[in-house]
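Enquirer: Provided herewith is a single structure, encoded as structure tokens, for subsequent inquiry.
Protein chains: 2
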Amino acid sequence: MIFPKEVEIIEVGPRDGLQNEPGTISTENKKELITSLVNSGIKRIETAAFVHPKWVPQMADSEEIAQFCNELGLEYIALTPNLRALERAILSKVPQIAVFIGASSAFNKKNINKETSESLIECEPMFKLAKENGMFIRAYVSMAFTCPYEGAVSFDEVKFVCDRFVQLGADEIDIGDTNGGANPKLVYERFSRLKDLYPDIPFVGHFHDSNHLALANVVAALQAGVTKFDSSIGGLGGCPYSPGATGNVATERLVNMLSQMDCETGINYEKLLKIAPFAKSLSTKV
Amino acid sequence: MIFPKEVEIIEVGPRDGLQNEPGTISTENKKELITSLVNSGIKRIETAAFVHPKWVPQMADSEEIAQFCNELGLEYIALTPNLRALERAILSKVPQIAVFIGASSAFNKKNINKETSESLIECEPMFKLAKENGMFIRAYVSMAFTCPYEGAVSFDEVKFVCDRFVQLGADEIDIGDTNGGANPKLVYERFSRLKDLYPDIPFVGHFHDSNHLALANVVAALQAGVTKFDSSIGGLGGCPYSPGATGNVATERLVNMLSQMDCETGINYEKLLKIAPFAKSLSTKV
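Those sequence lines, one after another, are chains A and B.
The C-terminal residue of the first sequence carries number 288 in the working numbering, and the numbering is unbroken.
The C-terminal residue of the second sequence carries number 288 in the working numbering, and the numbering is unbroken.
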């Protein structure tokens, strides 16, 4: 089995974790959460989403959060679902953006009423503009294993999106088990094939823990050579469009496992244990 | 990665899961639990423990449970910690017995005030008598990865016990992560070495979920060629001598993972989901 010496953990709690909370989370609380995560040794965090405040009110303070992260000198990521969002991110001097495409055709039709290919066409000017502005592009393939509407998602559906992301110049591709339906065998097979097809692209594993398989899936992805993983402090999160999906794998559980396996993350587990209760106190879901 | 076509699951909930419950669990409830587990497709169950009722009152009805299992024609296992227990098991026509030795010297000293070697000497007449009576012998090495008193347990400590179990004629050896301190890397290394040393001995993986790593540990053990695992319906259990240890890996979670990976267990997952709430209703701990 493969247990790499170093693993990069990207914290997604402040964005993926908190975006769907029904209550109001103050900007001060978000800043406190981000600061404590940075102090625990986490180097990259998804902190903001430039989405319309009417749809995702929790992210309405993204400009202020971006400014805060810029002052911290943090390598942070902001979600930019469209050109308007990207323009806001550019104005806010965001260093890294994240774009999303669902691999499942049924999911895309149901949720955004678009074919996967249409969404990909809309991505093109965004990639171009982001590149012109020197931004790092994280490209998410969501619903990359199973989908609440079509069940199994085929490898070809995932490949179709990855092909285009690679052509457009994605700096890393994040393969999302958005509804927690993956299993270690599927994870190993899918990542192995992707790594064979695109040996130079850094892939990220993004696992939700709906079926309690997130850590087992990380172990399987490690065997396929993946060394970057998303996680969420306290296991915050879910998926608004995926009934029953629970949060991302908890950062503290992931760091504990990796540390026990001598995979260095540079993150202090004891500090995470102190942050997790605060993170959970901001959430109605964990 | 290795994903075997068939995996054997041994249900330990009725014994390991319920033995430490403070309240009274009726014999009728135990019979109902065992019957429903058999109906779900489970072929082997630890159902009884011939221990003194003063110390483990939940197992006081072991004779009646053994008779019930005999009538069912079930391949069941009863725990027999000493010769007196074994004699009771023989009288009850138990087909399979389980004996325990802790790998951790510190644990043995603390809990039974004996050296590991002394405990092993006491096992000898039990193995002899069980063999004379045609019984199948499951030999448990508990605390085989970490121990609440000494921390890391060395491979040599585990090998010391396994060597003797093999010499005495154990039919299978169960390697227990009794306090849930193992991790996938350690599990893979330890089982790989054991399988190299004793290629003809069937090894069983027994993982507690204290650190949420039980399923990941199962995946690692599969890679080392292990195809037998203990689990407990509803995640019942714990360890009376191991502070903080939670229950065994839940049978329903294990069956779900294996079934998704096309590892056949012969067990009906939907039926397990219906049994789990009843099992949990008998427990104060899950």
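For glycine and all other residues, C-beta sits at the position ideal for the given N, C-alpha and C.
Taking the beta carbon of Leu85 of chain A as the centre, do at least 16 other beta carbons fall within 10 Å, making it buried, or is it exposed?
Expert: exposed
Enquirer: When the Cβ atoms of the stretch 256 to 273 of chain A are set against those of the stretch 169 to 186 of chain B, are three or more pairs found closer than 8 Å?
Expert: yes
Enquirer: Answer with buried or exposed for Ile269 of chain A, where buried requires no fewer than 16 other C-beta atoms within 10 angstroms of its C-beta.
Expert: buried
Enquirer: Using a beta-carbon distance cut-off of less than 9 Å, what residues from the stretch 71 to 93 of chain B approach chain A?
Expert: none
Enquirer: Since I believe Val58 of chain A is in contact with Gln98 of chain A (beta carbons under 8 Å), could you give me their beta-carbon distance rounded to a whole number of angstroms?
Expert: At roughly 19 Å, the Cβ-Cβ gap does not stay under 8 Å, so Gln98 of chain A and Val58 of chain A are not in contact.
Enquirer: Taking 8 Å as the CB-CB cut-off, is Lys161 of chain A touching chain B?
Expert: no
Enquirer: Quick check: the Cα distance between Phe193 of chain B and Gly19 of chain B, rounded to an integer number of angstroms?
Expert: 24 Å
Enquirer: Which residue from B:Ile177, B:Glu117, B:Ser94 puts its Cα closest to that of Glu66 of chain B?
Expert: B:Ser94
Enquirer: Pull the bridge partners of Ile139 of chain A from the DSSP assignment, please.
Expert: Under DSSP, Ile139 of chain A shares a beta bridge with A:Ile99.
Enquirer: Rounded to the nearest angstrom, what separates Ala51 of chain A and Met259 of chain B at their Cα positions?
Expert: Annotation: Ala51 of chain A to Met259 of chain B spans about 34 Å, alpha carbon to alpha carbon.
Enquirer: State whether the stretch 72 to 80 of chain A contacts the stretch 22 to 42 of chain B, with contact taken as three or more CB pairs (one from each stretch) at a distance under 8 Å.
Expert: Flag = no, the stretch 72 to 80 of chain A and the stretch 22 to 42 of chain B do not touch.
Enquirer: Just tell me which of B:Ala278, B:Ala223, B:Ser107 has its CA closest to the CA of Glu152 of chain B.
Expert: The shortest Cα separation from Glu152 of chain B among B:Ala278, B:Ala223, B:Ser107 belongs to B:Ser107.
Enquirer: Apart from the five residues just before and just after Pro127 of chain B, which ones in its own chain have a Cβ nearer than 8 Å to its Cβ?
Expert: Closer than 8 Å at the Cβ level, and outside the excluded window around Pro127 of chain B, lie Leu85.
Enquirer: Within this structure, are the beta carbons of Ala218 of chain A and Gly207 of chain A separated by less than 8 Å?
Expert: no
Enquirer: Going by DSSP in three states, Thr148 of chain B sits in which element: helix, strand or coil?
Expert: In the structure shown, Thr148 of chain B falls within a strand segment according to DSSP collapsed to helix, strand and coil.
Enquirer: Measure the C-alpha to C-alpha separation of Arg140 of chain A and Glu254 of chain B and round it to an integer number of angstroms.
Expert: Going from the Cα of Arg140 of chain A to the Cα of Glu254 of chain B covers about 36 Å.
Enquirer: What did DSSP end up calling Ser212 of chain A once you bin it into helix, strand or coil?
Expert: coil
Enquirer: Unbroken alpha helix (DSSP H) runs of length 4 or more, entirely within the stretch 37 to 89 of chain A: which are they?
Expert: 64 to 74
Enquirer: Hey, could you find the ends of the alpha helix (DSSP H) Ser261 of chain B is sitting in?
Expert: 253 to 262
Enquirer: Can the beta-carbon of Ser283 of chain A be found closer than 8 Å to that of Glu13 of chain A?
Expert: no
Enquirer: Going by the CB atoms, is the gap between Asn110 of chain A and Pro150 of chain A shorter than 8 Å?
Expert: no
Enquirer: With a Cβ-Cβ cutoff of 8 Å, do Gly178 of chain B and Ala154 of chain B count as a contact?
Expert: no
Enquirer: Leaving aside the five residues before and after Leu170 of chain A along the sequence, list all residues of the same chain whose C-beta is less than 6 Å from its C-beta, in chain order.
Expert: Phe129
Enquirer: Going by CA-CA distance only, name the one from B:Val163, B:Thr82, B:Ile4, B:Thr286 that's closest to Gly104 of chain B.
Expert: Among B:Val163, B:Thr82, B:Ile4, B:Thr286, the Cα nearest to that of Gly104 of chain B is on B:Val163.
Enquirer: Could you give the first and the last residue of the continuous alpha helix (DSSP H) run that contains Ile277 of chain A?
Expert: 271 to 283
Enquirer: Would you mind telling me which residues of chain B sit closer than 8 Å to Asp264 of chain A, beta carbon to beta carbon, in chain order?
Expert: Lys187
Enquirer: Can you tell me whether Ile175 of chain B is buried or exposed? The criterion is at least 16 other CB atoms within 10 Å of its CB, across all chains shown.
Expert: Label assigned to Ile175 of chain B: buried.
Enquirer: Between the stretch 196 to 227 of chain A and chain B, which residues of the former have CB atoms less than 7 Å from a CB of the latter, in chain order?
Expert: Asn213, His214, Leu215, Leu217, Ala218, Val221, Ala222, Gln225
Enquirer: Just to confirm, are Ile11 of chain A and Phe167 of chain A a CB contact at a threshold of 8 Å?
Expert: no
Enquirer: If you count every other CB in all the chains shown that lies within 10 Å of the CB of Thr49 of chain B, and 16 or more means buried, which is it?
Expert: A buried status is given to Thr49 of chain B, since no fewer than 16 other beta-carbon atoms sit within 10 Å of its beta-carbon.
Enquirer: Would Leu35 of chain A and Pro16 of chain A qualify as a contact pair, given that the criterion is a beta-carbon distance under 8 Å?
Expert: yes
Enquirer: For Ile4 of chain A, I'd like the list of residues in its chain whose CB is within less than 6 Å of its CB, leaving aside the five on either flank, ordered along the chain.
Expert: Here the set comprises Leu224, Gln225.
Enquirer: Identify the continuous beta strand (DSSP E) that holds Ser233 of chain A and give its terminal residues.
Expert: 230 to 233
Enquirer: So with Cβ pairs under 8 Å, would you call Arg255 of chain B a contact of chain A?
Expert: yes
Enquirer: Below 7 Å on C-beta distance, what does Phe5 of chain A contact in chain B?
Expert: Lys187
Enquirer: Within 10 angstroms of its Cβ, does Asn115 of chain A collect 16 or more other Cβ (buried), or is it exposed?
Expert: exposed
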